[in-house]
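Peer 1: If you use my numbering, the sequence shown corresponds to residues 82 to 738, in order. For every residue, glycine included, the Cβ atom is placed at its ideal position computed from N, Cα and C. Can you keep this structure in mind? I'll have questions shortly.
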Amino acid sequence: MHGLCLVRVGDVSFAGSAHADVTDFPRRKKMKKGGLAMSESTPRVDAVPREPLCRVVWVEMFPFRRWFFSLTRSTFRADLWAGLTGAVVVLPQGIAFATIAGLPPQYGLYSAMVPVVIAALFGSSHHLVSGPTTPISIILFTTLAPLAAPGSDAYIHACLTMGFLAGVIQLAMGVARMGTLVNFISNAVVVGFTAGAALLVAVSQAGAFLGIPLPAGSSFVHAVVGLGHHVAQVQPLVVLVAAVSLGIAVIVDILRPHWPGMLLALIGGGGVAFLFDPQCVAIPRVGAMTASLPPLSAPLWDLSAWQQLANGALATALVCLIQAVSISRSIAMHSKQHINNNQEFIGQGLSNIIGSFFSAYASSGSFTRSGINYRAGAQSPLAAIFSTLFLVGILLVVAPWLSWLPVAAMAGVILLVAYKLIDFKEIKLISRTSRAETLVMAGTFLATLLIKLDFAIYLGVLISLVYYLRGRANPVITRLVPDPTTYDHLVPVQELPECPQLRIVRVDGSLFFGAVNHVEEVLSCLDKQAPRAVNLLLVGSAINFVDVTGAEMLIHEALRRRGRGGGLFLFDIHDQVNEVIRRSGCLAVIGRDHIFDSIFEAIHSIVTRFLDQEGCRRCERSVFLECQLRRAGVEPSEAEVSYRRRRLQRKSLSKRE
82 MHGLCLVRVG
92 DVSFAGSAHA
102 DVTDFPRRKK
112 MKKGGLAMSE
122 STPRVDAVPR
132 EPLCRVVWVE
142 MFPFRRWFFS
152 LTRSTFRADL
162 WAGLTGAVVV
172 LPQGIAFATI
182 AGLPPQYGLY
192 SAMVPVVIAA
202 LFGSSHHLVS
212 GPTTPISIIL
222 FTTLAPLAAP
232 GSDAYIHACL
242 TMGFLAGVIQ
252 LAMGVARMGT
262 LVNFISNAVV
272 VGFTAGAALL
282 VAVSQAGAFL
292 GIPLPAGSSF
302 VHAVVGLGHH
312 VAQVQPLVVL
322 VAAVSLGIAV
332 IVDILRPHWP
342 GMLLALIGGG
352 GVAFLFDPQC
362 VAIPRVGAMT
372 ASLPPLSAPL
382 WDLSAWQQLA
392 NGALATALVC
402 LIQAVSISRS
412 IAMHSKQHIN
422 NNQEFIGQGL
432 SNIIGSFFSA
442 YASSGSFTRS
452 GINYRAGAQS
462 PLAAIFSTLF
472 LVGILLVVAP
482 WLSWLPVAAM
492 AGVILLVAYK
502 LIDFKEIKLI
512 SRTSRAETLV
522 MAGTFLATLL
532 IKLDFAIYLG
542 VLISLVYYLR
552 GRANPVITRL
562 VPDPTTYDHL
572 VPVQELPECP
582 QLRIVRVDGS
592 LFFGAVNHVE
602 EVLSCLDKQA
612 PRAVNLLLVG
622 SAINFVDVTG
632 AEMLIHEALR
642 RRGRGGGLFL
652 FDIHDQVNEV
662 IRRSGCLAVI
672 GRDHIFDSIF
682 EAIHSIVTRF
692 LDQEGCRRCE
702 RSVFLECQLR
712 RAGVEPSEAE
722 VSYRRRRLQR
732 KSLSKRE
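Here's what the structure looks like:
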């Protein structure tokens, strides 16, 4: 017995068989016995009342219910280790990002506390870790530096206010269910962006790995040029520490993948650094941190300030969302988790709104920390919460000991994370499968390296849309004829003869404003090839959508063919398309007797009623069964045609057996 499944499409829920393919709903083809082509019917799907709204709101308001009650001892332990590793890694990153943003160093750590917890509780990804990031820090600095002196109280308040406004925009987009916009970011864009960001992370850590000083926030090209100019300044001891950390991380990842390899690598690198440089002279360390919790704060409640910061807040909000969703999707490709874009929008919005009251500037998903979180074995968002708790503990208890942690050890660990972010299998699959997606992936990758990170996503989406619209605007139009062996279905023309008076074509795509011109050009070309074929039977089985422009094109085509003494006929039109045709007045122009549900009925009616009978008697092609009967002197009645067709079908079946 089939099970029952409940599927929500838009604002209506539908119940049907668990074995039914509901992806084709509401497409439902009609069956008629005696038809030449009996279409397979989609399993029946009936509408049922929608779930109570309070149930949906409950899930969105408290999404952590989905994973909190499924925690076990093993997942708790895995999240604990992953959180500890993430807390250690975020320390120098937070300081660096705050410096890039023009803020005091402690604000980078403040942004890695409260926002991380809120995003983990109200987001959808199990592995995404939020916090300060390089792109957001750069946007804040470039937007606010002309308005206030970096590091001043006015600058800090402007940063917090911009984060608050960005959070409001993100929350509004999530509540409005605008997460579907992110679906336009194709897999090729995500793969290219991830690979480019991974290479950016690797290059940014190369200076710390080699002991070469690089300016904070350097672009890819400037970082590579800087490394080339200072290659003679490579510090052997620094390279040794970084290589030991990287080696430990790689070995543990291969031999004991469930162990906290990142943490062991940091400890190993720290031990080597202490052995060769106990006085912290030759090998740079993280340095001691001030033990303090994020103080309470508040954004500016000034409408004029909001208007001044609105443009920067919108850009920050969009970049934050693109980063968070792109990172979530890239990791979900490995973890096989489903990402709810709307919920991610809500989580990011709440994290920035609430974070602005705890001295946190705008935050988003972090490639590095999310990758470390996943590679360290995190099983749920509890790992991100643990990272915050450990970060607080580290600052309050063991902050002085952090001065011994080598920056090079962290660079070695992050290099492995960057390598793991590159999906070589997916890159190979895309390159081998689709030229268009390969160009999208390559364009996004190069834009990520050479242009701004946020613009790389925009460019990738733009290229994807161009290729998508190009395909939609050029639907495939196939010429068809009845199968000459059985006459029970239509087949492509190939080497088979066509009727001189009737063309049968199938349009594989929607008739919308972007595709109308292409369809008209192809039909005009067919008319030039066969001027006598003034009748056209359009098979609509693959036409899922018709807009006003498409309906007007059908009206124009029907009038044009009627003026030449022929007509336009439609077969296998979907219910939604049929409704658009009726409301647009197209049905009245074409004629109800020109629209058919059965291909057998369509061909028999057209051949016997609308074609030039004298021309049919002189024709020697015999494309249709009616033509053969006429040549044999038999009246092609519907009953006689059905009888002959069944005989041919039984004959063909016996041959196959």
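Specify whether the region 645-660 and the region 680-689 touch according to this definition: at least 3 beta carbon pairs, one from each stretch, less than 8 Å apart.
Peer 2: yes
Peer 1: So who's on the other strand from Phe593, going by DSSP bridges?
Peer 2: When DSSP reads this structure, Phe593 sits in no beta bridge, so it has no partner.
Peer 1: State the Cα-Cα distance for the pair Ala611 and Gly696, rounded to the nearest angstrom.
Peer 2: Cα to Cα, Ala611 sits roughly 14 Å from Gly696.
Peer 1: Asp105 to Asp234, Cα distance in whole Å?
Peer 2: For Asp105, the predicted structure reports a pLDDT of 36, less than 50, and the residue's modelled location is therefore unreliable. The matter cannot be settled from this model.
Peer 1: In terms of residue numbering, what span does the alpha helix (DSSP H) encompassing Val249 cover?
Peer 2: 234-256
Peer 1: Indicate the three-state DSSP secondary structure (helix, strand or coil) for Val169 in the structure shown.
Peer 2: helix
Peer 1: In or out: Thr261 buried (at least 16 other Cβ within 10 Å) or exposed?
Peer 2: By the neighbour-count rule (16 or more Cβ atoms within 10 Å), Thr261 is not buried but exposed.
Peer 1: So Leu550 packs on Arg584, CB below 8 Å; how close in whole Å?
Peer 2: At roughly 28 Å, the Cβ-Cβ gap does not stay under 8 Å, so Leu550 and Arg584 are not in contact.
Peer 1: Let me know the secondary structure DSSP gives Val615 once reduced to three states.
Peer 2: coil
Peer 1: As a quick exercise: from Asn616, Ala554, Asn555, Val521, pick the residue whose alpha carbon is nearest that of Gly541.
Peer 2: Val521
Peer 1: Roughly how many angstroms separate the alpha carbons of Val722 and Arg613, rounded to a whole number?
Peer 2: Going by C-alpha positions, Val722 is about 25 Å away from Arg613.
Peer 1: Just to check my reading of the structure: Ser468 and Ala168 have Cβ atoms closer than 8 Å, yes? What is that Cβ distance to the nearest angstrom?
Peer 2: Yes, Ser468 and Ala168 are in contact; Cβ-Cβ is about 5 Å, under 8 Å.
Peer 1: Could you please give the first and the last residue of the uninterrupted beta strand (DSSP E) stretch that includes Pro563?
Peer 2: 557-563
Peer 1: Using only CA atoms, which one of Gly273, Ser155, Ala253 lies nearest to Ile511?
Peer 2: Ranking Gly273, Ser155, Ala253 by Cα distance to Ile511 puts Gly273 first.
Peer 1: Closest to Arg711 by CA distance: which of Tyr724, Arg727, Gln694 is it?
Peer 2: Gln694
Peer 1: Please classify Ser211: does DSSP put it in a helix, a strand, or coil?
Peer 2: strand
Peer 1: Between Arg645 and Arg731, what straight-line distance do the alpha-carbon atoms span, to the nearest angstrom?
Peer 2: In this model, Arg645 and Arg731 are separated by some 40 Å (Cα to Cα).
Peer 1: Can you pull the DSSP bridge partners for Val588?
Peer 2: Ile558
Peer 1: Would you mind listing the beta strand (DSSP E) stretches within the region 651-711 that are 3+ residues and don't spill past its ends, in chain order?
Peer 2: none
Peer 1: So, using beta-carbon positions, are Ile743 and Val670 closer together than 8 Å?
Peer 2: The requested residue 743 does not occur in the structure, where the chain is confined to residues 82 to 738.
Peer 1: What three-state label does DSSP hand Pro317 in the structure shown?
Peer 2: helix
Peer 1: Is the region 341-360 close to the region 201-213, with three or more CB pairs under 8 Å?
Peer 2: The region 341-360 is not in contact with the region 201-213.
Peer 1: Looking only at its chain, what residues have a beta carbon closer than 6 Å to the beta carbon of Glu132, apart from the 5 residues adjacent to it on each side?
Peer 2: For Glu132, the pLDDT reaches just 41, beneath the cut-off of 50, and the residue's location in the model is therefore unreliable, although a value from the coordinates is still provided. Contacts found: none.
Peer 1: Give me, in chain order, the residues of the same chain whose beta-carbon lies closer than 8 Å to that of Val271; leave out the 5 immediate sequence neighbours on both sides.
Peer 2: Ser407, Arg410, Ser411, Met414
Peer 1: Would you say the region 331-346 touches the region 284-303, given that touching needs at least three Cβ pairs under 8 Å?
Peer 2: With a cut-off of 8 Å, the region 284-303 and the region 331-346 do not count as touching, because too few Cβ pairs lie within range.
Peer 1: Three-state secondary structure (DSSP) at Val367?
Peer 2: Correct three-state label for Val367: coil.
Peer 1: Give me the residue from Gly666, Ala489, Glu425, Ala441 with the minimum Cα distance to Gly255.
Peer 2: Per the C-alpha coordinates, the member of Gly666, Ala489, Glu425, Ala441 positioned closest to Gly255 is Glu425.
Peer 1: Leaving out five residues before and five after Gly446 in sequence, what residues of the same chain have Cβ atoms less than 6 Å from its Cβ?
Peer 2: Leu209, Ser211, Gln404, Ala405, Ile408
Peer 1: Helix, strand or coil: which one does DSSP assign to Leu571?
Peer 2: strand
Peer 1: Since Gly175 sits in a beta bridge, which residues does DSSP pair it with?
Peer 2: Gly175 pairs with nothing; no bridge assigned.
Peer 1: Is the separation between the beta-carbon of Leu291 and that of Val320 shorter than 8 Å?
Peer 2: yes
Peer 1: Is Val620 helix, strand or coil when you go by DSSP?
Peer 2: Val620 carries a strand assignment under DSSP once its states are collapsed to helix, strand and coil.
Peer 1: Can you give me the C-alpha to C-alpha distance between Phe357 and Trp485, rounded to a whole angstrom?
Peer 2: Rounded to the nearest angstrom, the two C-alpha atoms are 12 Å apart.
Peer 1: Enumerate, from N- to C-terminal direction, the unbroken alpha helix (DSSP H) stretches of 4 or more residues contained entirely within the region 366-438.
Peer 2: 384-416, 422-436
Peer 1: Should Phe149 go down as buried or exposed, given a rule of 16 or more other Cβ atoms within 10 Å for buried?
Peer 2: Around the CB of Phe149, fewer than 16 other CB atoms lie within 10 Å, so the residue is classed as exposed.
Peer 1: Within 8 Å, do at least three Cβ pairs link the region 234-252 to the region 489-496?
Peer 2: No: the two stretches stay apart, fewer than three of their Cβ pairs being nearer than 8 Å.
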